[in-house]
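Inspection log for the structure reproduced underneath, given as structure tokens.
There are 2 protein chains.
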Amino acid sequence: MFSWINVRYLEKVLFLATKNPIQALNREEFIPNLSYDSVIFGFNGKQLKILILQYHNTGLFALPGGFVKRNESLDNAVKRGVKERTGLDQVYLEQFRTFGSLTRSDPSAMKRVLEGNNLDVEAHDWLLDRFISVSYYALINYDEVAPVPDELSDSIDWYPIDGLPDLMMDHKKIVDQALQFLRDNLEKKLVGINLLPSKFTMKQLQEVYEAILGEELRRTTFQRRILGMNILERHEKLFQGKAHKAPYLYSFKSNNAIKSQEEQIIT
Amino acid sequence: MFSWINVRYLEKVLFLATKNPIQALNREEFIPNLSYDSVIFGFNGKQLKILILQYHNTGLFALPGGFVKRNESLDNAVKRGVKERTGLDQVYLEQFRTFGSLTRSDPSAMKRVLEGNNLDVEAHDWLLDRFISVSYYALINYDEVAPVPDELSDSIDWYPIDGLPDLMMDHKKIVDQALQFLRDNLEKKLVGINLLPSKFTMKQLQEVYEAILGEELRRTTFQRRILGMNILERHEKLFQGKAHKAPYLYSFKSNNAIKSQEEQIIT
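These protein sequence lines map, in sequence, to chains B and L. First residue of the first sequence: 0, per numbering that gives the first Met the number 0; consecutive thereafter. First residue of the second sequence: 0, per numbering that gives the first Met the number 0; consecutive thereafter.
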């Protein structure tokens, strides 16, 4: 009969076996030559940040990415990856571009990643081949996330968009295009809401816009435009001591942001 | 010594050998499980149309698409396909979405296409596998194009967007999303310009906008907004008989539309 400790031990062994990279990256399981990369944005109240992982024993920094299993949809592969990294499964996720140049793959860097993880390079040579990558961006509420490194990586950490380490392959370009896409969609889709808790002040919302656009906005103009869009519901005041100065809390009227996500990602 | 006729004959044999679908769809030459589809828009002065091909002996209608060679970039694969179908190589081309659901592929339809072309199904079984498809839309000047069917197809023809035949697989959904993407980008990128000759009247431009948006616009409002954007250069009048009523011709100021294309498609 198993003691509780034995059960925990068994669970751990099974967990490690499941997480074994050699098993996890079995070439038969995945569609070859196709990967995804995710630009996961969070906002800490001041700065727009993204999640960057560092591979074991290589000094290489990269976007969290992965491969598509033969029996899962592209969108589900990305949802799975984001959930594994952030623990969140209700995430605003939108595909923005597929990168397919001949020069984007970097076999020597991938070889370093394999060697840094003590993996047999020959057994994983399909990873040294050319990859076309479908890129997604995700917007998450910074406070709800405890990033988890994957089995190949030392760490996964938040970096401010203006203070990124050197990224491998074309990942800097992917980040730049994600940011451009986010800016282009800020008005149309109100995506900024997804970076905030469900109730927020007008000042917090303005700070999100400013962080994404990289510029300061006039408070009165911003407030007039946002309220004119008739998308916010006003709640109680946020009391912080000085009651007469307490700002109102707002929420997004209907769950349009998530709705627009569902439309987007069912492909 | 070859007579001129012999040379022409030899050229024809070589051409047919190159065009032989068995050779053209050699599995070794292409990235597996990945295809592209193109939604090629044209405007005949009244309606927005797209190019649809019909496969030999199947009754199946589809978007022009194809596969990516191992030694060419994704963008170049699509450019090659559009050039083969339309003869044009300066085309406004933009990637808009990658479709990756598990249910999108239709092996039975692909089998009919192979059989309809008297091709060995077993030798082409990689085509019956799952495909993730990167979709692009193209905007071309209708008058400059003489569509050419590919080797698997009977015909390629223009169909108005509100009068499409039943399309195979998820191609109707791809068309719908392309149209939505085009509408969303109409203001931001002025893409409509690409559907017109280099010089056009304000009325022609308005008709393009109306065809894309599927609604009538007020002439005075439209003209004020477009001229207010300060993007058009005014040329001589288009004389058609009644000189005092002749409309001005306009062109796009700098080649921004093509520039924005170059930015977009270098991935």
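Idealized CB from N, CA, C, for every residue including glycine.
- Across the set A122(L), L33(L), W157(L), L194(L), the C-alpha of L194(L) shows the shortest separation from the C-alpha of L92(L).
- As for any alpha helix (DSSP H) of minimum length 4 sitting wholly inside the stretch 156-210 of chain L, the runs are 170-188, ordered along the chain.
- Residues L24, L113 of the same chain have their beta carbon placed closer than 7 angstroms to that of H123(B), with the five preceding and five following residues left out of the count.
- For V90(L), the nearest beta carbon of chain B is not closer than 7 angstroms to its own beta carbon.
- Taking every protein chain shown into account, the CB of F238(L) has fewer than 16 other CB atoms within 10 angstroms, so this residue is exposed.
- Judged by their CB atoms, W157(L) and K244(L) are not nearer to each other than the 7 angstroms cut-off.
- When Cβ-Cβ separations below 7 angstroms define contact, I211(B) makes no contact with chain L.
- In the same chain as G99(B), and ignoring 5 residues on each side of it, the C-beta atoms closer than 7 angstroms to its own belong to I131, in chain order.
- Taking a C-beta distance under 7 angstroms as the contact criterion, L216(B) and E209(B) qualify as a contact pair.
- Neighbours of Q94(B) across chain L, judged by C-beta separation under 7 angstroms: R96, T97.
- In the three-state DSSP reduction, Q89(L) falls in the coil class, being neither helix nor strand.
- Residue pairing by DSSP puts V38(B) in a beta bridge opposite Y136(B).
- Close CB contacts of R182(L) within its chain, under the 8 angstroms cut and outside five residues either way in sequence, are with I211, L212 (chain order).
- Taking a Cβ-Cβ threshold of 8 angstroms, the residues of chain L close to L101(B) are N70, E71, S72, in chain order.
- For the pair N116(L) and E28(L), the Cα-to-Cα distance works out to about 20 angstroms.
- Following the DSSP letters along the chain, one finds R233(B) inside the beta strand (DSSP E) bounded by residues 231-236.
- Chain-ordered listing is empty here: chain B has no CB closer than 8 angstroms to the CB of I139(L), the nearest sitting near 22 angstroms.
- In this structure, W125(B) places its C-beta atom within 7 angstroms of the C-beta atom of R26(B).
- Per DSSP, the beta-bridge partners of A61(B) are L52(B).
- In this structure R69(B) touches R129(L) by the C-beta definition: roughly 7 angstroms separates them, less than 8 angstroms.
- In the structure shown, F130(L) falls within a coil segment according to DSSP collapsed to helix, strand and coil.
- Look at I30(B): its C-beta is under 7 angstroms from a C-beta on chain L.
- Chain B places no beta carbon closer than 7 angstroms to that of V77(L), leaving this residue out of the contacts.
- Within the same chain, and ignoring the five residues on either side of E235(L) in sequence, the residues whose Cβ sits closer than 8 angstroms to its Cβ are Y247, L248.
- At least one CB of chain L lies nearer than 7 angstroms to the CB of V133(B).
- Under the Cβ criterion (8 angstroms, minimum of three pairs), the stretch 174-193 of chain B does not count as touching the stretch 68-88 of chain B.
- Distance from the CA of F180(L) to the CA of F95(L), rounded to the nearest whole angstrom, comes to 7 angstroms.
- For R129(B), the chain L residues whose C-beta falls within less than 8 angstroms of its own C-beta are I30, R69, listed in chain order.
- Considering only I51(B), K202(B), V120(B), L138(B), the residue with the shortest C-alpha distance to G162(B) is I51(B).
- In the three-state reduction of the DSSP assignment, L47(B) falls in the strand class.
- Selection P196(L), L62(L), L101(L) evaluated against P146(L) yields L62(L) as nearest (Cα-Cα).
- Under the three-state reduction of DSSP output, K252(B) falls in the coil class, being neither helix nor strand.
- Counting only Cβ-Cβ distances below 8 angstroms, L178(B) has no contacts in chain L at all, with the closest Cβ about 14 angstroms away.
- Secondary structure note for Q222(L): its alpha helix (DSSP H) is the uninterrupted segment 218-227.
- Taking C-beta atoms as the reference points, P106(L) and L127(L) count as a pair closer than 7 angstroms.
- Closest by C-alpha distance to K198(B), out of N140(B), K187(B), T219(B), M228(B), is N140(B).
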